[in-house]
Every structure is written in structure tokens, then in C-alpha cells.
């Protein structure tokens, strides 16, 4: 059954996997509490130009709390620039950014991180000479009390906070499905597992909002599907707001609650996956473009993005029909 804690942080199906339940309980006690309702992140009227190139033009993106939001668009559409602006790496020429109602437009990335924003990049930022556990622990430094002197003297408070952080890092390994690699050096693992560690590091900082920049890049079809399933599960389990940029269109349409489509720095469309996939402008300007199958064959099986959208629309319609049939059956039985 679905449960939520008094702190309002962890939301998950309990009783199905005792080890996972225990991991969630550990993380619930370790991770800081963040906002529960309203809009987690809003970028309103964002514009930025580099010389004569208008990278973003009056773009507005809203991510309600505890939702999965996808940001799509062709290469050069402004997706990464939008992420940089939302994250604070770039300052918009105009527009505002709010986190849970607080204006953070002028804040630097590290200040937004303290308020509950995490991010991954297209390239891994892992220390490949350290173990999986050490990489995860390195992201929990803010939760470890003490200073160089108290650490060297091994004060009890320092030892206690270090132990809590290590327990939380191992719990994160359980949720990521990589607990058997806790002591393994990162350089010895495949790229798919390294991606999971990268995501885990961003979560160890205790964010309420996570920006993921092309998490499936470089993965084959099976690993990409598994990663998106994991992300959706983590989003639900930890009560996260996830916003991701991704070229794997079908996976975004299948998993996202809301989708935004950028093209040439402008917002082309927004809405539910079904609404966006069926939008005639999106299909003409973006989804109808032919894929470079040789380059993208690892994660795209359909001949065109429009065909992928049709597959998702068919799945949505089939699921809705099954729901109607189930409800009708319940009514008849009553």
C-alpha cells in the first residue's frame, strides 16, 4: 500500500521488498525535508542571447512538486542552455526563476543546491579512482558534522554523523540496484552502472528538485529502458521533482507527467505526453524528422520520431480503454 511519512518525504509501496523498505527508512531519516506542494520550479519568461544568437526566447517552464517533467527538442533547440539557466550556471537576460515560491534568479548554483536543487551533466563527474561507496559518501559532506580538527581528533559527533552518512550511502546503493558493487572501484564498472552512481551522488545531497541532462546518452536500448524505470521509481519513492533533457523521445513520452518541447530557443508546445505527441505543430516541426538510425539505433527502434509518438498514443489509448472496461465491470458487479 502507498504510504507517506510524517515528514512528507518518502512515498513508496511498502511491504513488497523488506530490504528496499529498510533502505527507504534510512534515507527518510537522513535526507532533509523539502517542499511538498505547489510548483517546485518555475522559469518564467526566460531569455538569453550569446552575441546574435538567441538561445532562449521568452520560455516559461513549470514543474509542479513531485512530478516527472521531460524537456524535448532537436539539437540546438536550447535545452542545455535552459538547464544552465534553471541551475544558475548562466544568468538570463530577462525572466525569473523560483523554487517553491522563492525567487532564486540571482542565486549561484551552490546556493540553489542548498535550497534543494541537484543536477547531473551529460558527462559523468565521478572520481574513477574511488569506490562506489566513497563516491556516494563524497556527496554527503554537508550532512557530516565537524571540521578538520574535530575530524582528526575523531570526536563522537563526527563519528556518529559519518556512520549515518555511510548507512544512507549504502541505502542509496540498494535503491540503485548496485549494492553488490559497494567496494568496487568506479573505473571497473560499465557505463550503465556509472550512470546510476552519478544519479545517486546527486540524490545524496538531499535535493527536492533534480535536473538530469541526457541520462540515457550512451546506453543501449535495454540499459536505457532500465534506467528510465529506475528514475520513475526513485521519483515516486523519494517524492522528487525530476526534470530531464533527453533525446530518447519514446521513453520520455512513456514516463513523464508533463512534456515541454523547445525548438530554436522557443517553446513549441507543452502538456501531457498524449497532448504533445498529438500536437500537429510538434509533429511537423520535430517529431516528423527522420532519425539518424545508424547513430541512434541503440535507443530508437522506430523509423521516425512520429512513429514513436504514435506507439505511445496507442499505448495510452489502450490503457485508458482497459481502465474504462475495468470500471464498467466493477459497476456491473455492483
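In this note's numbering, the protein residues as written are 21 to 354. The beta carbon of each residue, even a glycine, is placed where N, CA and C say it ideally should be. Every value quoted in this text rests on a predicted model; they were computed, and no experiment measured them.
In this model, residue 224 and residue 189 are separated by some 7 Å (Cα to Cα). In the DSSP assignment, residue 220 falls outside any beta strand (DSSP E) and within the unbroken alpha helix (DSSP H) covering 211-224. Note on geometry: alpha-carbon atoms of residue 133 and residue 227 lie some 7 Å from one another. Cβ atoms of residue 191 and residue 46 come within 8 Å of each other, at about 4 Å. According to DSSP, residue 287 shares a beta bridge with 282. Assigned with DSSP and collapsed to three states, residue 127 falls in coil, not helix or strand. By the C-beta density criterion, residue 149 is exposed, having fewer than 16 other C-beta atoms within 10 angstroms.
For residue 138, the closest of 206, 221 and 114 by C-alpha to C-alpha distance is 221. Below 8 Å, too few C-beta pairs join the segment 293-300 and the segment 253-267 to call them touching: fewer than three. Between residue 92 and residue 272 the beta-carbon gap is near 6 Å, inside 8 Å, which marks them as a contact. The way I'd put it, the segment 95-102 does touch the segment 67-86; three or more beta-carbon pairs between them come closer than 8 Å. Taken through DSSP and simplified to helix, strand or coil, residue 151 comes out as strand.
Burial state of residue 169 is exposed, judged by a 10 Å Cβ sphere holding fewer than 16 other Cβ atoms. Here residue 203 is not near residue 158, since their CB atoms are 8 Å or more apart. Measuring C-alpha to C-alpha distances from residue 115 to each of 125, 179 and 109 identifies 125 as the nearest. The secondary-structure analysis by DSSP pairs residue 194 with nothing; it has no beta-bridge partner. Listed as beta-bridge partners of residue 67 by DSSP are 114. In the three-state DSSP reduction, residue 145 falls in the coil class, being neither helix nor strand. Per DSSP, residue 50 lies in no beta strand (DSSP E) segment; the continuous alpha helix (DSSP H) that holds it begins and ends at 38-50. Pairing residue 283 with residue 306 gives a Cβ-Cβ distance under 8 Å. Here residue 233 carries a strand assignment [DSSP, helix/strand/coil]. For residue 78, the secondary structure class from DSSP, reduced to helix, strand or coil, is strand.
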